[in-house]
Amino acid sequence: MFQQRVGWRWPSLSLQTRLCWAGFLFVLPALLHLIVFKFYPMVEAFRLSFYKYDLMTPPVFHGLQNYKTVWNNPLFHQSFWVSVKYMFGVSVPEWFLAFALALLLNRGMPGRPVIRLAYFFPIAMSQIVVALVWKFMYNPLGVVNTLLGAVGIGRINWLATEQSALPALILIGIWRGIPLFGVIYLAGLQSIPKEYHEAATVDGAGPWQSLRHVTIPLLTPTILLVMVMSLLSAMKVFLNPLVMTEGGPNGTTRVLPYF
Numbered sequence: 000m001f002q003q004r005v006g007w008r009w010p011s012l013s014l015q016t017r018l019c020w021a022g023f024l025f026v027l028p029a030l031l032h033l034i035v036f037k038f039y040p041m042v043e044a045f046r047l048s049f050y051k052y053d054l055m056t057p058p059v060f061h062g063l064q065n066y067k068t069v070w071n072n073p074l075f076h077q078s079f080w081v082s083v084k085y086m087f088g089v090s091v092p093e094w095f096l097a098f099a100l101a102l103l104l105n106r107g108m109p110g111r112p113v114i115r116l117a118y119f120f121p122i123a124m125s126q127i128v129v130a131l132v133w134k135f136m137y138n139p140l141g142v143v144n145t146l147l148g149a150v151g152i153g154r155i156n157w158l159a160t161e162q163s164a165l166p167a168l169i170l171i172g173i174w175r176g177i178p179l180f181g182v183i184y185l186a187g188l189q190s191i192p193k194e195y196h197e198a199a200t201v202d203g204a205g206p207w208q209s210l211r212h213v214t215i216p217l218l219t220p221t222i223l224l225v226m227v228m229s230l231l232s233a234m235k236v237f238l239n240p241l242v243m244t245e246g247g248p249n250g251t252t253r254v255l256p257y258f
């Protein structure tokens with residue numbers, strides 16, 4: 000009997016399986032980037048925190064001594080509370096101001112493309128450029144004091160006094176964060192079907208009732224995302240204190256990443 004030998008072939012895959020593998024291949028480069036440049040450095044930094052390591056000699060296991068040294072340093076406690084003040088001082092206004100901006104842009108106000116271009120400007124600027132520009136503006140003879148002088152407010156040395164240095168940095172963080180989170184809010188608002196708002200209007204709901212009972216509940220995942228992202232972003236601030244105040248005056252702007 001004649002028998003035909005058939006070579007080995009890849010098993011046929013369903014369309015759904017092929018789409019899953021294709022999606023995985025598209026995500027793979029980003030996943031590798033996260034593993035190599037994010038997760039691995041975090042794990043390695045945590046491991047080295049238990050060692051005495053100075054780049055010149057081999058690491059020596061030190062146990063919890065490094066943590067005890069940091070905990071007993073009064074500058075650590077000062078930096079911790081400065082970070083907490085900065086984190087919530089920046090994040091909380093961002094949540095509400097970015098949401099208000101997204102609501103205005105979502106209503107189709109005139110000049111919306113120009114406004115969108117304008118509020119993307121802070122995101123497009125490099126962080127170091129932002130720090131240098133604002134340092135110049137906060138100069139006693141800079142733009143900020145000139146504008147305040149026009150309304151009768153005296154000159155303030157914003158970055159050299161303990162009362163104003165941290166609020167000055169907080170203002171920069173808010174200014175830079177609102178556009179990014181406004182875009183995220185706007186994407187969430189535009190994903191809500193218009194039929195829901197139309198049904199609420201037919202039922203007699205006004206703008207406030209529609210916002211409270213329709214928009215905000217449907218936008219809850221986006222709101223939580225913005226809250227987490229803004230807190231994490233504020234927690235990692237480093238360049239602004241480094242470039243503008245070097246942690247001063249008297250440690251009032253020395254955040255934990257700068258500690």
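Quick note, the sequence shown lines up with residues 0 to 258 if you use numbering that gives the first Met the number 0. Cβ coordinates follow ideal geometry from the N, Cα and C atoms, glycine included. Please read all numbers here as calculations on a predicted model, not as lab measurements.
- prompt: With C-beta atoms as the reference, is Pro248 less than 8 Å away from Thr160?
  reply: yes
- request: Compute the Euclidean distance between the alpha carbons of Gly172 and Met136, then round it to the nearest angstrom.
  value: Roughly 15 Å between the two C-alpha positions.
- prompt: Does any residue of chain B bring its CB to less than 8 Å from the CB of Met226?
  reply: Although the question refers to chain B, the structure presented lacks it and comprises just one protein chain.
query: Ends of the alpha helix (DSSP H) at Leu140?
result: Note, Leu140: premise wrong, no alpha helix (DSSP H); not H, not E.
Distance, Pro58 Cα to Arg253 Cα: 28 Å
query: Comparing alpha-carbon positions, which option in Pro216, Gly205, Phe180 and Pro206 lies nearest Ile191?
result: Among Pro216, Gly205, Phe180 and Pro206, the Cα nearest to that of Ile191 belongs to Pro216.
- request: Could you pull the start and end residues of the alpha helix (DSSP H) that Ser78 belongs to?
  value: For Ser78, the enclosing alpha helix (DSSP H) starts and ends at Pro73 to Asn105.
field: Distance CB(Ala186)-CB(Val89) smaller than 8 Å
entry: Note that the C-beta distance between Ala186 and Val89 is not below 8 Å.
task: Report the residue from Val42, Met41 and Leu63 whose alpha carbon sits nearest the alpha carbon of Lys51.
output: Of Val42, Met41 and Leu63, the smallest CA-CA separation from Lys51 is found for Leu63.
task: Measure how close the beta-carbons of Ser78 and Leu255 come, nearest whole angstrom, since I'm counting them as under 8 Å.
output: 5 Å
- prompt: Under three-state DSSP, which class holds Val59?
  reply: strand
Inter-residue spacing [alpha-carbon to alpha-carbon] between Gly250 and Tyr85: Just so you know, the alpha carbons of Gly250 and Tyr85 end up roughly 13 Å apart.
Short Cβ contact (8 Å threshold) for Gly181 with Leu100: Result yes, Cβ atoms of Gly181 and Leu100 sit closer than 8 Å.
task: Figure out for me which residue from His32, Met55, His61 and Leu140 has the closest Cα to the Cα of Phe45.
output: His61
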